[in-house]
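A short write-up of the structure that comes next.
In the numbering used here, the protein residues as written are 9 to 346.
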């Protein structure tokens, strides 16, 4: 979708929440019997956070409360809740309903999920902008809350070691005058799915195809994340150049116009490739991977929260939010800061 005329949204608040337990790569080395420095050398992650007693909906509510506090909003000021996560707290009901129940709303606002795995939050923002533009809702709350740590096998450290848990929330509204909060223009929103990569990232269990009632023996492997890293990297590298060119052309921009990149924190290799492709200096690339790992859908809104709190954004700056997800899907948005 091209919105090059620049539909404006208000960013009423962002918030994040990390679990209490910080797990360093040195901790994993000791736990798994690896030589010191092995996990960090293979993953690029120094530390990440793992939920122990916290549930995904608890983390979500904490992130929401922080986002609401930015402009002293109450939860009842919101009229739509979108949960945008790649993982489920349980199969049924949806994550949004579980979060809704914890928020103690005084009215039954709609709550629903959008799942595009790692791109869930970005797609939720795209859908929310359309809903705001239509006048259907006034203030939309988006929250991504991920507990990846329950579905990883630390013996496969190259895959498991990159993930971390966490939640991030963002509150959007239409841009009404007078403007007292950030009000970026959305110049373009572009998504593609290249399903030749459908089996490159997967958790095989949890659905009807490999339901526990159909599986004899140990079900644990069906609940663990599996990734064909080399194949995934090759496919992503092949499609990303044309994708970026198409997206920027929709906005009437080129790479030279991009001031900041807020990427999905997929992996150290993915971030390095993207930065080289964009010829971007370190200071313009929001890279929190070494201290957070890959937080699935919470990665992009957490990185956006980080950028906003650096107080470096200037009026007229162009921000590229971009990422990939299982499927294989790729998506981006371009904002002009104002």
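Glycine residues also receive a C-beta, built at the ideal position from the N, C-alpha and C atoms.
Task: Meets three-Cβ-pair contact criterion under 8 angstroms: the region 300 to 320 and the region 11 to 28 - done: yes
Task: Boundaries (first-last residue) of the beta strand (DSSP E) holding residue 153 - done: Stepping through the chain shown from its first residue, residue 153 is reached at position 145. Element bounds for residue 153: 147 to 154.
Task: Candidates 143, 265, 289 and 324: closest to residue 191 by CA position - done: Numbered from 1 along the chain shown, position 183 holds the residue referred to as residue 191. Per the Cα distances, 324.
Task: Residue interval of the alpha helix (DSSP H) (run including residue 341) - done: By 1-based counting over the chain shown, the position of residue 341 is 333. Segment 337 to 344 is the beta strand (DSSP E) holding residue 341; no alpha helix (DSSP H) there.
TODO: Measure the C-alpha to C-alpha separation of residue 162 and residue 47 and round it to an integer number of angstroms.
DONE: Position 154 of the chain shown, counted from the start, is the residue given in the question as residue 162. Position 39 of the chain shown, counted from the start, is the residue given in the question as residue 47. For residue 162 and residue 47, the distance between alpha carbons rounds to 10 angstroms.
Task: Which listed residue (137, 346, 249 and 214) has its alpha carbon closest to that of residue 180 - done: Here residue 180 is taken as the residue at index 172 of the chain shown, counted from 1. Nearest of 137, 346, 249 and 214 to residue 180, Cα basis: 137.
Task: Sheet register partners of residue 120 (DSSP bridge) - done: Here the question's residue 120 lines up with position 112 in the chain shown. 90.
TODO: Measure the CB-CB distance between residue 182 and residue 327 and report whether it falls below 8 angstroms.
DONE: Locating residue 182 in the chain shown gives position 174, where the first residue counts as 1. Locating residue 327 in the chain shown gives position 319, where the first residue counts as 1. Taking 8 angstroms as the Cβ cut-off, residue 182 and residue 327 do not qualify as a contacting pair.
Open item on the list: Considering just the uninterrupted stretch of the beta strand (DSSP E) at residue 176, what are its terminal residues?
Closed with: Residue numbering aside, residue 176 sits at position 168 when the chain shown is read from its first letter. Residues 174 to 182.
- [ ] Assign residue 329 to buried or exposed, taking buried as 16 or more other Cβ atoms, counted over all protein chains shown, within 10 Å of its Cβ.
- [x] What you label residue 329 is simply residue 321 of the chain shown in a count that begins at 1. Buried.
Task: Delimiting residues of the beta strand (DSSP E) encompassing residue 203 - done: As a working note, residue 203 is residue 195 in the chain shown. Note, residue 203: premise wrong, no beta strand (DSSP E); not H, not E.
TODO: Please state whether DSSP places residue 261 in a helix, a strand or coil.
DONE: Walking along the chain shown from the start, residue 261 turns up at place 253. Coil.
Task: Cut-off 6 angstroms between Cβ atoms - residues of its own chain near residue 293, not counting five sequence neighbours on either side - done: Numbered from 1 along the chain shown, position 285 holds the residue referred to as residue 293. Hits under 6 angstroms: 269 and 283.
TODO: Spell out a yes or no on whether the region 330 to 337 and the region 205 to 212 are touching, meaning 3 or more CB-CB pairs, one atom from each, closer than 8 angstroms.
DONE: yes
Task: residue 251 versus residue 199: straight-line alpha-carbon distance, rounded - done: Taking the chain shown and counting its residues from 1, the one referred to as residue 251 is at position 243. Taking the chain shown and counting its residues from 1, the one referred to as residue 199 is at position 191. Looking at the two C-alpha atoms, the distance is approximately 9 angstroms.
Open item on the list: Across the region 26 to 33 and the region 54 to 66, are there enough close Cβ pairs to call them in contact, namely three or more that are closer than 8 angstroms?
Closed with: yes
TODO: Whole angstroms is fine: what's the gap from residue 228's alpha carbon to residue 205's?
DONE: In the chain shown, the residue the question calls residue 228 occupies position 220. In the chain shown, the residue the question calls residue 205 occupies position 197. Near 24 angstroms, if we compare the C-alpha coordinates of residue 205 and residue 228.
TODO: Determine the extent of the beta strand (DSSP E) in which residue 6 is found, giving its start and end residues.
DONE: Examination of residue 6 is not possible in this model, given that the chain is present from 9 through 346 alone.
Task: residue 233 beta carbon less than 8 angstroms from that of residue 160 - done: By 1-based counting over the chain shown, the position of residue 160 is 152. By 1-based counting over the chain shown, the position of residue 233 is 225. In this structure, residue 233 lies closer than 8 angstroms to residue 160 by Cβ.
Open item on the list: Just to confirm the assignment: which complete beta strand (DSSP E) runs, minimum length 3, are found wholly within the region 18 to 86?
Closed with: 29 to 32 and 55 to 58
- [ ] Select from 122, 107, 124 and 123 the residue whose C-alpha is nearest the C-alpha of residue 116.
- [x] As a first step, residue 116 must be located in the chain shown, where it is residue number 108. Ranking the options by Cα distance to residue 116, first place goes to 107.
Open item on the list: With the cut-off set at 8 angstroms, would you say residue 71 and residue 176 are in Cβ contact?
Closed with: Working through the chain shown from its first residue, we reach residue 71 at position 63. Working through the chain shown from its first residue, we reach residue 176 at position 168. Cβ distance < 8 angstroms, so residue 71 and residue 176 count as in contact.
TODO: Could you please give the first and the last residue of the uninterrupted alpha helix (DSSP H) stretch that includes residue 310?
DONE: Within the chain shown, numbered from 1, the residue matching residue 310 stands at position 302. Taken as a continuous stretch (DSSP letters only), the alpha helix (DSSP H) holding residue 310 covers 307 to 316.
Task: Span of the beta strand (DSSP E) around residue 332 - done: Here residue 332 is taken as the residue at index 324 of the chain shown, counted from 1. Counting along the chain, the beta strand (DSSP E) containing residue 332 begins and ends at 326 to 333.
Open item on the list: For residue 178 and residue 38, I'd like the C-alpha separation in whole angstroms.
Closed with: Locating residue 178 in the chain shown gives position 170, where the first residue counts as 1. Locating residue 38 in the chain shown gives position 30, where the first residue counts as 1. Their backbone Cα atoms lie some 37 angstroms apart in a straight line.
Task: Proximity winner among 125, 118, 262 and 124, relative to residue 146 (alpha-carbon distances) - done: Your numbering for residue 146 matches position 138 in the chain shown. If we check each option's Cα against that of residue 146, 118 comes out closest.
Task: From 216, 271, 245 and 258, residue whose alpha carbon lies closest to that of residue 100 - done: Numbered from its first residue, the chain shown carries residue 100 at position 92. Comparing Cα-Cα distances from residue 100 to each of 216, 271, 245 and 258, the minimum goes to 216.
Open item on the list: Quick check on the burial criterion: 16 or more other C-beta atoms within 10 angstroms. Buried or exposed for residue 66?
Closed with: Walking along the chain shown from the start, residue 66 turns up at place 58. With 16 or more other Cβ atoms within 10 Å, it is buried.
TODO: Rank 237, 34 and 84 by C-alpha distance to the C-alpha of residue 111 and give the top, closest one.
DONE: Taking the chain shown and counting its residues from 1, one reaches residue 111 at position 103. Minimum Cα distance to residue 111 is reached at 84.
TODO: Report the partner residues of residue 271 according to the DSSP bridge assignment.
DONE: What you label residue 271 is simply residue 263 of the chain shown in a count that begins at 1. 330, per the DSSP bridge assignment.
TODO: For residue 12, name the three-state secondary structure that DSSP assigns.
DONE: As a working mapping, residue 12 is identified with position 4 in the chain shown. Note that residue 12 scores a pLDDT of 43, beneath 50, so its modelled location is shaky; the value from the coordinates is reported in the next line. Residue state, collapsed to three classes: strand.
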